[in-house]
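Below is one structure, written out as structure tokens, with a few remarks after it.
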Amino acid sequence: MIGTLRGRIAKAVLRVARPDAGSVTLTQRRIYILPTAAGLLFGATLLAMLIGCMNYNVSLGYVLTFLVSSIGVVSILHTFRNLAQLQLRAGRTVAVFAGEHALFPILLINPTRLSRKSIALRGRAGEEVYADVPDGQTASALLRIPSERRGILQLGRIRVFTLFPLGLTRAWSNVELDATCVVYPAPESGVVPLPTPSGGNADGAYSAQGSDDFAGLRKYQIGDSLRHVAWKALARGQVVLTKQFSGMAAGTLWLEWDALSADMPIEARISRLTRWVLDASHSGQTFGLRLPAAVLAPAAGAAHEEHCLTALALLEP
Amino acid sequence: MQKPEELPLRRGGIISLLGALLAALAAHVPHLPVWLCAIVVALLAWRGYCAMRGAKLPGKWFLIGMTVMGTAAILVSYGPRFSRDTSVALLAFMLALKVQELRALRDASVVICLGYFLLITGFLYSQTIATALYMFALVIWLTATLAAFQDRTRSTSPFAALRVSALLVAQAVPLMIALFLLFPRVQGPIFGFPQATSAGVTGLSDTMSPGSLSSLGLSDDVAFRVHFNAAPPKPRNLYWRGPVMWDFDGRTWTIGGASTTATEGMHYQADGPPIRYAVTLEPHYMRWMFAIDLPFVAPPDTHITNDYQLLASRPIRNRIRYEISSNLAYRYGLDEKTEILQRALRLPTGYNEKTLALARELRMRASSDRELIDAVLNRFRTELFFYTLVPPELGRDSVDEFLFVTRRGFCEHYASAFVVLMRAAGIPARVVTGYQGGEMNPLGDYMIVHQADAHAWAEVWLKNEGWVRVDPTAAVSPARIQAGLFAALPADYSLPIGMRNDFPMLRQLRFSMDALANSWNQWVLGYTAERQMKLLRDAGLSTPTWQTLTVLLMTTAAAVIGMLALTILWRLRSRPRDSVGQSWRLFCRKLARRGSERAPSEGPRDFARRAAQEQPARHAQIETIAALYMKLRYAGETEKPEARRLRALVRQFR
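Sequence order for the protein chains is E and G. Per the numbering used here, numbering of the first sequence is gapless, rising by one per residue and ending at 461. Per the numbering used here, numbering of the second sequence is gapless, rising by one per residue and ending at 1459.
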């Protein structure tokens, strides 16, 4: 009961519970403003100055004290204005491997004719990035969030704030942009040889004939193994050709979940498969991936690699 | 990971901050010891060198050692009493040391706050307009350093921060004025008495010896300024009464201790309407205040003694303003007490024997007191006596030497000799010091009384007449009384140029400067709790208290801040001008009127094709406009003339 009440109050007061849509405008209601440590020191100094003026009856001292206090008050308005009406939007992310930093580009859109100076963004990780946003323009800032495990990494709540112009007050707003980054599993390290290509049938029987039988030449494609390049033809000044063997079609490499020992922990298996996907893809082989929930048909190339890695990233534990 | 408060500071910001601090310290150089100035400047310069070369800052032990030694040296050189000068010296020294650990933003905030404090201490020593302007500029500079450190992207130079700062200061001024006028003033001191600094202040003192007033004769410092409610009295009536001297030791007159009792039970008669005026008195660290002979009612917080000195309850450390009225025609002291009259006859024995003999001789020849007085004045007038600002030095029997040998003197010589003669002849007499005359400032419609107008005259007590003023200087030099000091002196005297009558342009300039200084004094420096209340009464509040003041302050400040918020936040509403988009929307409206309305899903290319088909007569125009629009909007074309051409085409489109 109390918990829900507190939750409601937090919701009502902090307005942070609901994630925001793709784009957020920092309206007046979302911006908070409080003095910084420097601001408190500034206030204490002013108090001391005021007492000094009273003690010594220094009329010009009052003028100076009030001038400096007024500068402080005016700077509050400027701090607020520096943040108000700014729009935030999350940019596209690039997938990373677990343990690396995910980079979330945040677009700061300034629809007004005021230049914004030193706008700061801080993500969960606590790192702060600063950007200036000239009038009517858009700036982008990269937030680095460390990824710990595979899956979908949410940007989560970020704080956008500013101390401009004097650092005496901090205006801030908490924004929860709908931004995600795919985190691939970390590949296993060490010597992990790829399994031998199989005939492609479910029982995994090795097809003996094939891989040596020369079947003809075709045009080289990116991803073809260099061992199969027709070097002699190349030396004769022809275009780059790849030798085709009759066994190749049959001997497709299958990376299979079930082929791994059941004793291996699940995450270790995923890690091993990730490494294999990378190795297979880098050596230009055609491979398929068979997971408990999904089967990815044999293919080659960057897009296929991406699909496989994503499937591994999203595998239910 | 480093928190932003701990990030290294930008070099330009450090240099700018050091410059601002040096400039603030420059105002303190006259009253800091030379060795301290040298150390402080060296420390600041060293920090600047470290910033430029990226050298290592001094370590902890160096700073601790410096702090201990420096503090000890300051305390030794200023003595054990903790005075204002000591605190300023310590502040300057600590600031220079704190700068040595200026590494991160946090340290910069501390240093800048100390800098603001250093600025305000400058006003303890000088509150002139020039000082105020200097400090104002320094506030802008110091605030700019704060802004420079806040430029986290370091995209602008630290000196560009001056613009930010100047804007902030300009916007802060209205609120500052509201606070200044309405913040309830407290009459200090709150803790302990501020140290009186009478050193270097010129003015009258509680003693008068030969040469003490003539030394003031060359000072064009302002003693006080006077606002008359009506026309000012004639110069010969302007006797500004100050300290009254009773006791004479043969050479020096002193006020003695007899004149502090109040005037209760004293009788006076005043004839004619009183003159009303307001005096703004410069601080002179003494208690007396000045009024035209003779004030009868003391302003609040002051009292009038039995010899009609107007005394404040405390020494006057700040410029004060008081309203008072005087009568030019009066009669007082008819029933003076015998012991007081006895005191007004006392002379030291064994001094000025020749003068005493002369007095006895005159007494025998004169039939009445009046006749005796006239005889003395006649002697001054007819014999070879000279009025001079540079009288010869006088020895032990100063009056004898003056009357019989040198015969050259300033007003104190004449007043002193006259009173000694009177006392020796049995007429009670005393010396009154103060100022005589004053000049009207035509630009401000007020009178300025300078230290050079210092004067001494005599008062004698006559039966049936009471105390009567006699000015022996007037007998020697009538011009002094009627036209001022300069007129009375031979032309070769080197009076301050502004005080001389023969440089009319300089005089005019001096009047303008003084009019400015007067408004400054009235409205800035002399804006006290009392004047604050007076302003409120003038504004129509019948009985203002500090509570009304607080309410008024709150509402005014809220209004001012509201106005500021409106002006500052107003620009949030302005969107960048999009003339291309405006032209396109106008074009669409025009086409809609002709029956071709753009569907929300229609892009410019499709819409233009359809509209051109629907309105074959305008086919070419529509195609041209749409092509130009697409070029401007989507092909990255940013040429201003092209945008203008689009607008012209749309305008012409019928």
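Built from N, CA and C at the ideal position, the CB exists for glycine as well.
Distance from the Cα of Glu-320/E is smallest, within the candidate group Arg-314/E, Arg-233/E, Ala-412/E, Arg-294/E, for Arg-233/E. Residue burial is scored here from C-beta neighbours: Glu-1166/G has fewer than 16 other C-beta atoms within 10 angstroms and is therefore classed as exposed. At a cut-off of 8 Å between C-beta atoms, Phe-305/E does not count as an interface residue with respect to chain G. Assignment of Ala-275/E by DSSP, reduced to helix, strand and coil, places it in the strand class. Apart from the 5 residues on each side of it in sequence, Leu-1396/G sits with its Cβ closer than 6 Å to the Cβ of Ala-1416 in its chain, given in chain order. Ranking Thr-209/E, Trp-316/E, Leu-453/E by CA distance to the CA of Leu-230/E puts Trp-316/E first. The beta carbon of Pro-339/E does not come within 8 Å of any beta carbon belonging to chain G, so the residue lies off that interface. Taking a contact to require three or more Cβ pairs closer than 8 Å, the stretch 414 to 427 of chain E and the stretch 435 to 453 of chain E qualify as touching. As a beta-bridge residue in DSSP terms, Trp-1093/G pairs with Leu-1116/G. For Thr-1360/G, not one C-beta of chain E is nearer than 8 Å to its own C-beta. By the C-beta density criterion, Trp-1375/G is exposed, having fewer than 16 other C-beta atoms within 10 angstroms.
For Met-1013/G, the beta-bridge partners assigned by DSSP are Trp-1058/G.
Taking the Cα positions, Ala-877/G is about 27 Å away from Ser-914/G. Per DSSP, reduced to three states, the secondary structure at Ala-1234/G is strand.
Per DSSP, the unbroken beta strand (DSSP E) holding Glu-1128/G starts and ends at 1125 to 1131. For Pro-1309/G, there are no CB contacts under 8 Å within the same chain when 5 residues up- and downstream are skipped.
C-alpha of Phe-1191/G to C-alpha of Ser-1173/G: approximately 28 Å in a straight line. One finds Leu-1377 in chain G with Cβ atoms closer than 8 Å to the Cβ of Gln-229/E, taken in chain order. Each residue's CA atom was taken as its position, placing Ile-175/E and Val-304/E some 9 Å apart. Distances from the alpha-carbon of Ala-285/E to those of Ala-264/E, Gln-298/E, Gly-295/E put Ala-264/E closest.
Here the alpha carbons of Cys-1216/G and Leu-880/G stand approximately 45 Å from one another.
If you draw a straight line from the Cα of Ser-892/G to the Cα of Phe-898/G, it is about 10 Å long.
By the Cβ test, the stretch 1245 to 1252 of chain G is not in contact with the stretch 1151 to 1167 of chain G, since fewer than three Cβ pairs between them sit closer than 8 Å. DSSP places Phe-305/E inside the beta strand (DSSP E), whose first and last residues are 301 to 306. The C-beta distance from Thr-223/E to Thr-171/E rounds to 16 Å, too long to meet the 8 Å contact threshold.
Contact between the stretch 263 to 281 of chain E and the stretch 237 to 244 of chain E is absent, with fewer than three C-beta pairs closer than 8 Å.
When Cβ-Cβ separations below 8 Å define contact, Thr-948/G makes contact with chain E.
It is roughly 16 Å from the alpha-carbon of Ser-425/E to the alpha-carbon of Pro-329/E.
Relative to the Cα of Glu-1141/G, the nearest Cα in the group Ala-1234/G, Arg-1092/G, Val-944/G, Arg-1213/G belongs to Ala-1234/G. Excluding its 5 nearest sequence neighbours in each direction, Gly-818/G has C-beta neighbours in its own chain below 7 Å: Thr-950, Ala-953, Phe-954, Pro-963, listed in chain order.
The secondary-structure analysis by DSSP pairs Met-1050/G across a beta bridge with Val-1236/G.
Within 7 Å of the CB of Phe-308/E, the CB atoms of chain G belong to Gln-955, in sequence order along the chain.
By the rule that beta-carbons nearer than 8 Å mark a contact, Asn-226/E does not touch chain G. With a cutoff of 8 Å on beta-carbon distance, Arg-416/E and Val-336/E are scored as near each other. Measuring C-alpha to C-alpha distances from Ser-1221/G to each of Asp-1179/G, Ala-1453/G, Pro-1277/G identifies Pro-1277/G as the nearest. In chain order, Pro-1409, Ala-1413 place their CB closer than 6 Å to the CB of Ala-1431/G, counting only its own chain and leaving out the 5 sequence neighbours on each side.
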